[in-house]
Amino acid sequence: MKGVKVDQINDNYQVATDLKKPILDSNQLLVKPIFGAVNPVDELMRKTGLLVTSWPWTPCCDVAGVIVEIGSEVTKFKVGDRVFGCQGVGFPGSGGAAEYCVFREDIAFKKPDNVSFAEAATIGVGCQTAALGLWSGLNIALPDPQNLPALSDEWVLVLGGGGSVGGYAVQLSKLSGYKVIASVSARSVGAAVAQGADETIDYKTPVDEQVAKIKEITKGKLHRIIDTTSFNADFVKKVLEEIKDDAGEKYFASVNDWEDFGPLPGDAKFYPISLGPLGRPEARELNEVLSKFTTIIQALVDAGKVTPSEYSLVGGIGFEGFIEAVKVQSSGSAKKVVAQLQEE
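Numbering (UniProt numbering), first residue to last: 1 to 344.
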C-alpha cells in the first residue's frame, strides 16, 4: 500500500509503497482517503513519538474519503458512503495519508451534500476536541439540534478563538446557548466574529487590560474558560483570580493535558482535553462519549449550523502534497491546511 511514513522518531516524512493495508475489526470501516488536513499533532508525533504505538508511522488524522469495505457488525454505513472525521492517531491503520485507513463506525461522520470533501477534512479533530472541552469539560448541557436553546446571559471565554479548535468552540458554545468572548490576534478578529463570537480581545495587548475588559464585558457572568492553544495557564489563573468571588461554579478546560495546574482560584474545576486515545479499543469511555457527541455534531453539520473551517488547499493530487502541507502548516498558516491525497 502506498502512503506517507516516518520510520522512527524525528525522521523525515517520505512517500513509500510498502505500507501494510489495514485489517478491519467488526465495527470498523475501511476508507479510501481523498482529502486530508494537517494538525499540530502530526508534527508533535513525528518529533517526539508521543501517541505512536509502533513504527513506521503514517500521519494525518483528519480525513474525508469513501468507504470501500465494512466490518461484519457495521449497520450505520455502507460501501460507497462518503465519510469524514478523526479516525484516531498513532496506531496501525489510523494514518490517513495512505491509500486506506480505518474508522470506527460509532465516531465517523457521513458527509452531507452541503459540505465539500475538502471542507469535511477540516472538521473532525477541531470539532471533536472543542466538543470534549465544552460538553464534558465545562459542564455545558448537550444541545438538541432540533430545538436549540435560547441565548443566555452566561459567557464562555475561548482562548485561541481564531484557530480550528477555537473556531469550533465558538460555534458550539453559541449553539449551546452561551455568549462568547474570543481571545484572538488582530488578523483573526473577523474569522472569530464570523464563527459567532460576541466580543473579542487581542491576546497581544497587556494582560491587565485584557482581564479588565473581560470583567467589564461579562459582569459576573463568566464561569467557563476553554484554552484551545495550551499556552494560557498563567493568564487563566489571573482571570480566575479576578472572578473567584463571583457566584457559581467555575470550569476550565485545556488541550494542555500534561501539565499539573494545581489548585485554581475560585476552586475552578479543571478538565484536560485528551483526544489522543480516540478510536483505540482500550479508550472505551472516551469512544462512548464521542459517539454521543458525533450524533449531535452530525445533525448540526447536516443542518448547516456548524460550518467548516477556512482552509488552504496545498499541492497537487498525491501523497507528496501532504508533506508539502505539513511544511505550510508549520510555517504558521492562519487557515487549516488541506491536501488532496487521491482521486475519488
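C-beta: ideal position from N, C-alpha, C; glycine also.
Coarse secondary structure for residue i, derived from DSSP in three states
i, result
"C60", "coil"
"P272", "strand"
"R280", "coil"
"K110", "strand"
"K204", "coil"
"I67", "strand"
"E199", "strand"
"L222", "strand"
"residue 367", "One cannot answer for residue 367 here, as it falls past the ends of the chain, which runs 1 to 344."
"V83", "strand"
"A233", "helix"
"V328", "helix"
"A97", "coil"
Sequence-distant residues of its chain with Cβ nearer than 7 Å to residue i (five each side left out)
i, result
"I323", "V4 and Y13"
Residue closest to residue i, alpha-carbon to alpha-carbon, out of the options
i, options, result
"F319", "S309, C86 and I34", "I34"
"E73", "L138, E105, D42 and R46", "E105"
"E99", "Q329, V66 and K221", "V66"
"D81", "V239, D113 and P281", "D113"
"K21", "C101, V15 and I273", "C101"
"V189", "A303, L278 and G163", "G163"
"V207", "A334, V180 and F235", "F235"
"A97", "Q146, S116, P143 and D42", "D42"
"G160", "L175, V193 and P149", "V193"
Per DSSP, the bridge partner or partners of residue i
i, result
"I296", "According to DSSP, I296 bridges with nothing at all."
"V338", "A37 and L313"
"K32", "V66"
"D227", "L159 and S254"
"F77", "Note: F77 sits in no beta bridge, so no partner."
"V15", "V4"
"R187", "Answer is none; R187 lacks a bridge partner."
"R104", "Q28"
Residue i CB to nearest heavy atom of the ligand NAP below 6 Å
i, result
"V184", "Although the ligand NAP was asked about, the structure shown includes no ligands whatsoever."
Beta-carbon proximity list for residue i, same chain, < 6 Å, skipping 5 on both sides
i, result
"P92", "none"
"V38", "A325, V326, Q329 and V337"
"V52", "M45 and G90"
"N10", "K47"
"residue 394", "Lying outside 1 to 344, the shown extent of the chain, residue 394 is not represented and no answer is given."
"G88", "S94, L278 and G279"
Cβ shell of residue i (< 8 Å), same chain only, five flanking positions each side left out
i, result
"A233", "D227, S254, N256, E259 and F261"
"V314", "G321, E324, A325, V328, V337, V338 and A339"
"F109", "V83, F84, G85, A120, I123, G124, T294, I297, Q298 and V301"
"F77", "L29, I67, I70, V83, E105, A108 and K110"
"L24", "L30, E69, I70, G71 and V102"
Test: residue i CB closer than 7 Å to a CB of chain B
i, result
"V301", "The chain labelled as chain B is not found in the depicted structure, where only one protein chain is given."
Check: Whole alpha helix (DSSP H) runs in the region 114-183 with 4 or more residues, listed along the chain?
Finding: Given a length threshold of 4 residues, each whole run of the alpha helix (DSSP H) inside the region 114-183 is given here in chain order: 117-120, 124-131 and 164-175.
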